[in-house]
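Just so we're on the same page, our numbering is the position in the sequence shown counted from 1, plus 102.
Notes follow once the structure below has been shown.
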Amino acid sequence: MPLNLLPTATQNITDTLRDVFLHDDSHSALVIYDLDSPLSRILTQAYRIALPHGTFINFNDNKSTEILAQIEMLQANDFVALVQSTSFRLSAFRIRIELFKKQIKVAEHPHLGRMPSDKEVNTYINALAYDKAYYHHTGHTLKEILASASTAVVNSGREKLFYTEGFETPKINIGDYRTLKNTGGQFPIGEVFTEAKSLKNLNGKTNIMAFGDTNYKVNIPPHPITITIENGILTQTQNSTPEFEAVLALIKSEEDSVLVRELGLGLNRALSPQNVVSDMGTFERMCGIHLSLGAKHGIYAKEGHKRNSGKFHIDVMIDTDTLEIDDRVVFEDGTWRI
C-alpha cells in the first residue's frame, strides 16, 4: 500500500462523507470491503480513519448470511460503502439496489482491481476529491444550458459532430442528491449527461481518443480513431484498430446497428488524457466529452428502444477541442468555460 497517499484518501473520503452524504455520528455506517487490490486496501484504511465508529466487514471472510444480517440492522439515512476489487454478489440480492430501497446512502467503489499501478491508484484517489462549489456550479449550469438548448457542435481536430433539435432532460451526477430519489452511486463522480431528443438528429464526424474494450477496460489507440455518424448510427471508421473493430463487431452481433446515444459531459478534473485509469466506469468521468455506443440506456427510452432494452452501452472518449452549445463555447482547452 502506498501509505503516502493515505492522508489524501482519508481527507477526500472525509470531505465526501460531510459534503455529499451529510453523514455524522447520529447515523450508523457500514463498510463492506475486500483486501484484494492496492486500491481496496488503501480505501478501506481511509474509511477506517474517517469512520472511527463504523462497522467493517470483510466480504471474503464472512458468509452471505452474516453480511445480510448487518445490512438488515441498518436504518434509513445510514451510510454504506462498498469497496470492491471486482463486484460483490450476494446471490440474487443486488446490494446497492436493495440498500436504496431501504433509503440508505451508498458509496460504491467497484472494479478497483482493474487499476493496480501506482499511477492509477494515485489518479483514482485524486479523483475522489470533492470540490462542492465547482461541481455544483458547473453541473447545474450545464444542466440548465442543455435543458433549453437546440443545437450543439463537438469540434475534434478537423471533424465536427452536430446535434440539432434539442436534447433529452439532462441528468447530473455531481454529489447533489437533494432532488433525487436515491442518495449515492458509483464513485468517483462528476458528470452531466443527456442525448439527442431524436437520435437521427446526430450527424457528422468525430475523433475517439479512448474507448471501453471487450474486456471492459480503457483502450487508448496509438492515434485517434475517426467515426462517422449518420442519423444517430455509426456508419464508418477511419484509422481504426482491431480492438475497436472488435467492439463494433460485438455490438453488431446482437443489435441491428451501432447506435450512438449518450452525450456525457465529464467534470472530474483529476481524470484527463494525461491521467488515465483502466476502468472505464471511472474514466468516463474524465473532464471532457464522451458518447455511448449501443442501444442500451437506463434513463432514456426511445421509440423502439425501452430503457435498458439493448445489450450494449460502451463509452468512447472524444478528443475534444471545443464544445459549442447554441453557438456558445462551453468547453475549450480541457476546461469547462462557464
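Glycine included, C-beta positions come from ideal geometry on N, C-alpha and C.
Can you name, in chain order, every residue of its own chain whose Cβ lies under 7 Å from the Cβ of S300, other than the five neighbours on each side? Against the sequence shown, residue 300 aligns to sequence position 198. Contacts found: E267.
If you drop the 5 nearest sequence neighbours on each side, which residues of the same chain put their C-beta closer than 7 Å to that of R371? Position 269 of the sequence shown holds residue 371. Only C389 meet the Cβ criterion.
Going straight from the alpha carbon of M311 to that of D126, what length do you get? As a first step, residue 311 is located in the sequence shown; it is residue number 209 there, counting from the start. As a first step, residue 126 is located in the sequence shown; it is residue number 24 there, counting from the start. Looking at the two C-alpha atoms, the distance is approximately 41 Å.
If you check the beta carbons only, do L201 and V208 fall under 7 Å apart? Here the question's residue 201 lines up with position 99 in the sequence shown. Here the question's residue 208 lines up with position 106 in the sequence shown. Yes; because the gap between Cβ atoms is below 7 Å, this pair is in contact.
Comparing the CB of L263 with every heavy atom of the ligand ADP, is any distance shorter than 6 Å? The ligand content of the structure shown is nil, which means the ligand ADP is not present either.
If distances are taken between C-alpha atoms only, which option among S139, F181, I169 comes closest to H155? As a first step, residue 155 is located in the sequence shown; it is residue number 53 there, counting from the start. Among S139, F181, I169, the Cα nearest to that of H155 belongs to F181.
Counting along the chain, where does the beta strand (DSSP E) carrying H392 start and finish? Within the sequence shown, the letter at position 290 stands for residue 392. For H392, the uninterrupted beta strand (DSSP E) run begins and ends at 390–395, by DSSP.
Supposed close pair V223, L141 - CB separation, criterion 8 Å: As a first step, residue 223 must be located in the sequence shown, where it is residue number 121. As a first step, residue 141 must be located in the sequence shown, where it is residue number 39. V223 to L141, Cβ: 5 Å. Contact.
CA-CA distance, H238 and K221? As a working note, residue 238 is residue 136 in the sequence shown. As a working note, residue 221 is residue 119 in the sequence shown. Near 28 Å, if we compare the C-alpha coordinates of K221 and H238.
Candidates I169, A178, E174: which alpha carbon is nearest F123's? As a position in the sequence shown, residue 123 is number 21, starting the count at 1. Here the closest residue by C-alpha is A178.
Give the secondary structure of G277 by DSSP, where H, G and I count as helix, E and B as strand, and everything else as coil. Residue mapping note: residue 277 aligns to position 175 of the sequence shown, counting from 1. Residue state, collapsed to three classes: coil.
Three-state secondary structure assigned by DSSP to R150: Working through the sequence shown from its first residue, we reach residue 150 at position 48. Three-state DSSP puts R150 in a helix.
Three CB pairs or more closer than 8 Å across the segment 237–253 and the segment 354–369: yes
Starting from the C-beta of I151, find all residues in its chain whose C-beta is less than 6 Å away, skip the five residues before and the five after it, and write them out in chain order. Within the sequence shown, numbered from 1, the residue matching residue 151 stands at position 49. The answer, listed in chain order, is T112.
Per DSSP, Y232 forms a beta bridge with which residues? Position 130 of the sequence shown, counted from the first residue, corresponds to residue 232. Its beta-bridge partners do not exist; DSSP assigns none.
Go to Q113, then tell me how far its alpha helix (DSSP H) extends in each direction, as first and last residue. As a first step, residue 113 must be located in the sequence shown, where it is residue number 11. First-last of the alpha helix (DSSP H) with Q113: 108–121.
Beta-carbon proximity list for Q340, same chain, < 6 Å, skipping 5 on both sides: Counted from its first residue, the sequence shown places residue 340 at position 238. Hits under 6 Å: T328.
Beta strand (DSSP E) runs wholly inside the segment 320–355, at least 3 long, in chain order: You should have 327–332, 335–340.
Residues sharing a beta bridge with I420, DSSP: The sequence position of residue 420 within the sequence shown is 318, counting from 1. Paired residues: I310.
Counting only the same chain and skipping the five closest in sequence on each side, list residues whose C-beta sits under 6 Å from that of I322. In the sequence shown, counting from the first residue as 1, residue 322 sits at position 220. Result list for I322: A312, in chain order.
From the DSSP output, which residues share a beta bridge with D381? For the purposes of this step, residue 381 is identified with residue 279 of the sequence shown, where counting begins at 1. Looking at the DSSP assignment, D381 forms a beta bridge with K319.
Nearest by alpha-carbon distance to I427: which of I134, L132, W438 is it? Locating residue 427 in the sequence shown gives position 325, where the first residue counts as 1. Per the Cα distances, W438.
What residue range is occupied by the uninterrupted beta strand (DSSP E) comprising A183? To locate residue 183, count along the sequence shown from 1; it is residue 81. Here the beta strand (DSSP E) through A183 covers 181–185.
Which of the three DSSP states is assigned to H415 in this structure? Working through the sequence shown from its first residue, we reach residue 415 at position 313. If DSSP states are grouped into helix, strand and coil, H415 belongs with coil.
Between Y135, L350, I227, K204, which has its C-alpha nearest N377's C-alpha? Here residue 377 refers to the residue found at position 275 of the sequence shown. If we check each option's Cα against that of N377, I227 comes out closest.
For H125, which of helix, strand or coil comes out of DSSP? Along the sequence shown, one-based indexing puts residue 125 at 23. Of the three classes helix, strand and coil, the one that applies to H125 here is coil, per DSSP.
If I measure Cβ to Cβ from D136 and keep anything under 6 Å in the same chain, skipping five residues before and after, which residues do I get? Taking the sequence shown and counting its residues from 1, one reaches residue 136 at position 34. Closer than 6 Å at the Cβ level, and outside the excluded window around D136, lie S142, F161, N162, S187.
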